[in-house]
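Just so you know, the protein sequences line up as chains A and B, in that order. Numbered per the UniProt record's numbering, the first sequence finishes at 259, counting up by one with no gaps. Numbered per the UniProt record's numbering, the second sequence finishes at 192, counting up by one with no gaps. Using N, Cα and C, we set each Cβ at its ideal position, and we do this for glycine too. This structure is a prediction, so every number in the text was calculated from the model and none was measured.
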Amino acid sequence: MAAQNGQDGGFPVDPLHQFEITTLVPLNIGGIDASFTNSSLWMVLTVFAVTFLTVFAVRGRNMVPGRMQSIAEMSYEFVANMVRDNAGNDGQRYFPFIFSLFMFILLANFLSMLPYSFTVTSHIIVTFALAALVFLGVTVIGFAKHGLGFLRLFVPSGVPAVILPLVVAIEVISYLSRPLSLSVRLFANMLAGHITLKVFAGFVIALSSAGVAGIFGAVLPLAMIVAITALEFLVCALQAYVFAVLTCMYLGDALHPGH
Amino acid sequence: MPENAQNEIVIGQDNLGLQSEVQIPEAGHEGGFPPFNTETFEAQLVWLVITFGILYYLMSKVALPRIANVIEERRDRIADDLDQAGQFKAQTEDAIQSYETALAEARAKAHAIAQETRDRLSAETDLHREKLENELDKKIADAETRIAATKEAALAHVRGVATDVASSIVTQLLGEDADKAAVEKAVDAKLG
Numbered sequence: 001m002a003a004q005n006g007q008d009g010g011f012p013v014d015p016l017h018q019f020e021i022t023t024l025v026p027l028n029i030g031g032i033d034a035s036f037t038n039s040s041l042w043m044v045l046t047v048f049a050v051t052f053l054t055v056f057a058v059r060g061r062n063m064v065p066g067r068m069q070s071i072a073e074m075s076y077e078f079v080a081n082m083v084r085d086n087a088g089n090d091g092q093r094y095f096p097f098i099f100s101l102f103m104f105i106l107l108a109n110f111l112s113m114l115p116y117s118f119t120v121t122s123h124i125i126v127t128f129a130l131a132a133l134v135f136l137g138v139t140v141i142g143f144a145k146h147g148l149g150f151l152r153l154f155v156p157s158g159v160p161a162v163i164l165p166l167v168v169a170i171e172v173i174s175y176l177s178r179p180l181s182l183s184v185r186l187f188a189n190m191l192a193g194h195i196t197l198k199v200f201a202g203f204v205i206a207l208s209s210a211g212v213a214g215i216f217g218a219v220l221p222l223a224m225i226v227a228i229t230a231l232e233f234l235v236c237a238l239q240a241y242v243f244a245v246l247t248c249m250y251l252g253d254a255l256h257p258g259h
Numbered sequence: 001m002p003e004n005a006q007n008e009i010v011i012g013q014d015n016l017g018l019q020s021e022v023q024i025p026e027a028g029h030e031g032g033f034p035p036f037n038t039e040t041f042e043a044q045l046v047w048l049v050i051t052f053g054i055l056y057y058l059m060s061k062v063a064l065p066r067i068a069n070v071i072e073e074r075r076d077r078i079a080d081d082l083d084q085a086g087q088f089k090a091q092t093e094d095a096i097q098s099y100e101t102a103l104a105e106a107r108a109k110a111h112a113i114a115q116e117t118r119d120r121l122s123a124e125t126d127l128h129r130e131k132l133e134n135e136l137d138k139k140i141a142d143a144e145t146r147i148a149a150t151k152e153a154a155l156a157h158v159r160g161v162a163t164d165v166a167s168s169i170v171t172q173l174l175g176e177d178a179d180k181a182a183v184e185k186a187v188d189a190k191l192g
C-alpha cells in the first residue's frame, strides 16, 4: 500500500498504516466478534514474552541467578517496591495485578519497537480498557473497604468551608477523569512516537529518491530516526512505569482515603 | 481516487479533536484513523480479556510465587550464612582468648621455673662457697699454727746454737772450758 501511495506522488509511506488492524483468522463466537487479528497476535506474543521472562527464566530457581533470572527478580522487586511505596503494605494483595499490568504494557511497548510489529498499546480501546479496569477496581476496593467513608477522598482536610464546594468539585472531576488521562497518556505516547519514526523514515525515502544530493540530505532524518528510536525505548519503559505507578497511587487512595 | 476523499470526510466527522493528526497522510486508507475504528474494538477487547486474563493467572499462580520463593530462599540462606559466620567468628575469638590465656599461663610458669632454678642454683652455690671458705679458713688456721710452731722451734734452736757458738768462742779465746751456766745466762740476756 505504501508503494502505491508513493506512485500517487504523495508521501512515500503512510504513517498510520502500521496501526491498521487486519484480521488473520475470522472468528465469531455467539455473535461476538472474536477474530484473531494482528493485534491479538501481538497480545499473545506479549504474554509469551512476559511468561518467558518470569516463568521460563526462573525455572532453575538458582540460588545465584543468571542473567534472565536476574531480570525477573529485578522486575519483581521493582514492582514490589513500587506497590509498597505508593499503596502501602496492604496494597501487596494487589501486587500480582499491578505486576501483570506493568509487564504487559512494558513488553507490549518493547515488542512494538520490532520492525513490522504491531503496537498493541497504540489503540485507545486497549489502553482505555486497562485504565477502566484500574478505575473500576480501585473504586470498588475503596467502597468495599471504607463504605461511604471512601467519599472522604474528595474532601481534603484543612480546607476553609467557603471554598470547600469548589475543591470537592475539582476533586470529583479529577477522580472521574483518571481513566481518561491514564489511557490517553499511554495511547498518545505510543501513537505519536511510532508516527514520528515512520514520518522520518518517509523523509529518508523521499529524499534518497531525489538524486545524489538527496541521498546526502537523507542522512539527517536517518540520524533522527536513530535518536528517536533510542528516545522511544525510553518512552516505552517510562509509560509502562507511569501507568503502573499511577495505578499504585490510585490504589493507595482507595486503601487510605482522607490523608 | 474518490474513495480516499470519502474516507477523509469520514475521518473528519469521526474525530473532531484529532483532525490535525489524522490529516498527516495525504493518501487514504480503509476504515479511517485505525485507533478510532470502532469495528475493531470488539475483537481487541475480547483478545485483551483473554490474553491479560491468562497473563494474570500465570503471574499470580506460577511466576510470582516462584520468584518470591527464590528470593525468600536466598534471603534465608544469606541470613543463615551470616549467622553461621557470626558463630564461627565467636568461636575464633574464644579460641584466641583461650590461646592467649594459655600463653600467659605458660609464660608465668616458665618465669616461676626460671626463678626457682635460679634461686636453687644460687643457694647451692652459696652453700658450696661457704663450705669452701670454711675449709680454707681451717687450712689457713692450721697453717698459721704450724708456722707459729715452726717459728718457736726455730727460735729454740737459735738459743741452743747461740749457746754452743758462744761456748766454743769462749773456749777458743780463753783456752779453757767455759762455764755453761754463765754462757747460757749471757745468751739469754742478749736474745732478750
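Excluding five sequence neighbours on each side, which residues of the same chain lie with their C-beta closer than 6 Å to the C-beta of residue i?
i                : result
Tyr56 (chain B)  : none
His29 (chain B)  : Note on His29 (chain B): pLDDT 46, under 50, position unreliable in the model; the coordinate value appears next. Answer for His29 (chain B): no residue qualifies.
Gln6 (chain B)   : The predicted model places Gln6 (chain B) with a pLDDT of 43, which falls under 50 and marks its position as unreliable, so this point remains unresolved.
Gln239 (chain A) : Leu186, Asn189
Thr40 (chain B)  : none
Ala162 (chain B) : Val187
Go ahead and label residue i buried or exposed: buried means 16 or more other beta carbons lie within 10 angstroms of its beta carbon, across all protein chains shown.
i                     : result
Leu64 (chain B)       : buried
Gly142 (chain A)      : buried
Ser209 (chain A)      : exposed
Glu72 (chain B)       : exposed
Met43 (chain A)       : buried
His111 (chain B)      : exposed
Gln84 (chain B)       : exposed
Pro25 (chain B)       : Caution applies to Pro25 (chain B), whose pLDDT of 43 falls short of 50 and renders its modelled position unreliable; the value that the coordinates give is listed next. So Pro25 (chain B) ends up on the buried side.
Phe19 (chain A)       : buried
Pro34 (chain B)       : buried
Asp126 (chain B)      : exposed
residue 198 (chain B) : Residue 198 (chain B) is absent from the structure shown; chain B starts at 1 and stops at 192.
Gln23 (chain B)       : Any reading at Gln23 (chain B) is ruled out, since the residue's pLDDT is 43, under 50, leaving its predicted position unreliable.
Ser75 (chain A)       : buried
Once you ignore the five residues that flank residue i on each side, which residues in its own chain have a CB closer than 7 Å to its CB?
i                : result
Ile21 (chain A)  : Thr37, Asn38, Ser39
Gly252 (chain A) : Asn86, Ala87, Gly88, Gly91
Ala131 (chain A) : Pro179, Leu182, Ser183
Asp8 (chain A)   : Confidence is the limiting factor: at Asp8 (chain A) the pLDDT is only 47, short of 50, which leaves the residue's position unreliable, though a coordinate-based value still follows. Within the same chain, Asp8 (chain A) has no close Cβ partners at all.
Ala80 (chain A)  : Phe95
Gly214 (chain A) : Leu207, Ser208
Asp177 (chain B) : Thr171
Val172 (chain A) : Phe154
Is any beta-carbon of chain A found at less than 7 Å from that of residue i?
i               : result
Pro65 (chain B) : no
Glu42 (chain B) : yes
Arg74 (chain B) : yes
Thr51 (chain B) : yes
Using CA atoms only, rank isn't needed, just tell me which of the options is closest to residue i.
i                     : options                                : result
Ala181 (chain B)      : B:Arg129, B:Gly160, B:Asn134           : B:Gly160
Ala68 (chain B)       : A:Phe99, A:Gly217, A:Ala49, A:Leu45    : A:Phe99
Leu148 (chain A)      : A:Met103, A:Gly202, A:Ala254, A:Ala169 : A:Ala254
Phe243 (chain A)      : A:Gly211, A:Leu101, A:Ala144, A:Ile170 : A:Leu101
Arg185 (chain A)      : A:Leu207, A:Cys248, A:Thr121, A:Ala201 : A:Thr121
residue 260 (chain A) : A:Leu27, A:Phe200, A:Met74             : The structure shown does not extend to residue 260 (chain A), since chain A is modelled only from 1 to 259, so the question has no answer here.
Arg84 (chain A)       : A:Phe95, A:Gly66, A:Ser75              : A:Phe95
Arg74 (chain B)       : A:Met82, A:Arg61, A:Ile170, A:Val155   : A:Arg61
Ala189 (chain B)      : B:Ala166, B:Asp177, B:Thr171           : B:Ala166
Gly202 (chain A)      : A:Ala192, A:Gly137, A:Gly211, A:Ala218 : A:Ala218
Leu53 (chain A)       : A:Leu106, A:Phe128, A:Ile205           : A:Leu106
Leu45 (chain A)       : A:Asn109, A:Phe11, A:Ile32             : A:Asn109
Thr51 (chain B)       : A:Ala129, A:Met82, A:Ser70, A:Pro115   : A:Ala129
Near residue i, which residues of its chain fall below 8 Å by C-beta distance, leaving aside the five closest residues on each side in sequence?
i                : result
Ile125 (chain A) : none
Leu197 (chain A) : Ile225, Ile228, Thr229, Glu232
Val47 (chain A)  : Phe104
Ala34 (chain A)  : Leu27, Asn28
Could you tell me whether any Cβ in chain B is nearer than 7 Å to the Cβ of residue i?
i                : result
Asp85 (chain A)  : no
Met68 (chain A)  : no
Met63 (chain A)  : yes
Asp253 (chain A) : no
Ala230 (chain A) : no
Ala34 (chain A)  : yes
Phe99 (chain A)  : yes
Whose Cβ in chain A lies nearer than 7 Å to the Cβ of residue i?
i               : result
Leu48 (chain B) : Met43, Val126, Ala129
Leu45 (chain B) : Ile125, Ala129
Shorter than 7 Å from the beta carbon of residue i to some beta carbon of chain E?
i               : result
Val47 (chain A) : Here chain E cannot be found, since the structure's protein chains are A and B.
Residue i versus chain B: which residues are under 8 Å apart at the beta carbon?
i               : result
Thr51 (chain A) : Leu55, Leu58, Ala63
Val55 (chain A) : Leu58, Val62, Ala63, Arg66
Val58 (chain A) : Ala63, Arg66, Ile67, Val70
Thr37 (chain A) : Thr40, Ala43, Gln44, Trp47
Quick one: list the residues of chain B neighbouring residue i, beta-carbon separation under 7 Å, in chain order.
i                : result
Pro221 (chain A) : Neighbours of Pro221 (chain A) on chain B: none; closest Cβ ~16 Å, over 7 Å.
Phe104 (chain A) : Phe52, Leu55
Ser122 (chain A) : Pro35
Ser208 (chain A) : Per Cβ cutoff of 7 Å: no residues; Ser208 (chain A) is ~19 Å from chain B at best.
Who are the neighbours of residue i on chain A, taking C-beta pairs under 8 Å?
i               : result
Ile77 (chain B) : Ile is not the amino acid found at residue 77 (chain B); the sequence shown has Arg there. What Arg77 (chain B) touches in chain A: Met63.
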